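In my numbering, the protein residues as written are 1104 to 1496.
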Ligand code: COA
């Protein structure tokens, strides 16, 4: 396998972007990534040999399918009838697109590949958004009986509280931390500070989860450009390498899990990623994690091996995952504050890791960061992608 580098990144602002269409978001992030990669030599759309796009459900959200063709047609990438492929894995669509692009370059099939992530969710009213999202769970055995994504994660939260004594305050502290980080991210959907009391006062969505425990409904796109190490050096000296990228699966339905508080997909993918990169949790300097609901971040601390099972609540309480803590989680603001356009999230996480490793994250910079990780999950953890990145030093 060849060494794979990220040579360019681009990302739109995340939020309710009613003045921009699906294709405008895609083009904006794509052009930014091409420009970002062109430090020493101009990277043009026609230099991209293949492209992957992660999207969960433009069919339901925007009545538009075939986004791979849109990407090829409107971004100019893959000019010359080269292949473009759409990848769907619910909220892990972006991560799975990254995984496939990584394999395509590592295997030697292509030298330069683009990975886009895109979702525009705010064109529908809330009820329809909730219904579209729950198609990532088991429609026949879960959604039919009335569950929604907030309620599935509420069940995980209740079980975690029951088994390990995790408290409402610990859950709320995850949201407070991520809003604090997002305050410094110019591309975040929410740039406002919140307190634990604000979380307690926000409306109940699915008990015990309140509005401020949830990631929002968002529009946005992100693009990264991958290249093999030799090609990469022709375009830029600001290289970030993918040291490992692993994908794993768990049951589609939460009802089939042995343990509601463990995502086996995350445990498996992170094990493979650590082994491939020959690293351990203590070597990771920060993590961009999939905090779709506050409980998901606490479970990520545990499933990624940063603490023992059941100690996740203590990690946030003790400040270990703050931006200046032992292992900062979500310096970007995470899904909670940065926003969660579902298919774009896995690629946006990679954008943040790259900015952090290039020391371009300004006021939210994790000091001295050399090794970063991203953790992207689909559904209730039915799909997981864990990626480890390293700075070229
Ligand atoms: N965090 C913080 N503020 C939020 C928010 C969130 N998650 N969601 C909405 N808001 C704010 C809005 O900005 C708005 O503020 P304003 O009145 O100052 O303009 C206000 O709350 C009401 O917004 P609205 O869009 O009417 O909220 P809603 O009740 O329709 O939706 C949720 C709230 C929590 C139901 C929705 O955000 C949601 O479904 N989140 C989960 C998404 C999800 O499941 N993703 C997949 C994960 S696997």
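Note that the Cβ used here is the ideal one computed from N, Cα and C, for glycine as well.
Remember, it's a predicted structure, so these values are computed and weren't measured experimentally.
- Per DSSP, residue 1125 is one residue of the alpha helix (DSSP H) stretching across 1125–1140.
- By the Cβ test, the segment 1309–1318 is not in contact with the segment 1109–1129, since fewer than three Cβ pairs between them sit closer than 8 Å.
- In the three-state reduction of the DSSP assignment, residue 1323 falls in the strand class.
- Of the other Cβ atoms in all chains shown, fewer than 16 fall within 10 Å of the Cβ of residue 1265; this residue is therefore exposed.
- Of the heavy atoms belonging to the ligand COA, none sits nearer than 7 Å to the Cβ of residue 1289.
- Distance check between residue 1104 and each of 1154, 1205, 1182 places 1205 closest, using alpha-carbon atoms only.
- Distances from the CA of residue 1467 to each of 1126, 1280, 1341 were compared; the closest alpha carbon is that of 1280.
- The Cβ-Cβ distance between residue 1303 and residue 1416 does not fall below 8 Å.
- Collapsing the DSSP output to three states places residue 1390 in a strand.
- Below 8 Å, enough C-beta pairs join the segment 1338–1348 and the segment 1370–1385 to call them touching: three or more.
- Around the beta carbon of residue 1169, fewer than 16 other beta carbons sit within 10 angstroms, so the residue counts as exposed.
- In the DSSP assignment, residue 1478 falls outside any alpha helix (DSSP H) and lies within the beta strand (DSSP E) extending over 1474–1481.
- Relative to the Cα of residue 1323, the nearest Cα in the group 1112, 1107, 1116, 1109 belongs to 1116.
- Here residue 1396 carries a strand assignment [DSSP, helix/strand/coil].
- Per the DSSP secondary-structure output, residue 1237 pairs with nothing in a beta bridge.
- Relative to the ligand COA, residue 1401 has its C-beta separated by 7 Å or more from all heavy atoms.
- In the structure shown, the three-state DSSP call for residue 1432 is strand.
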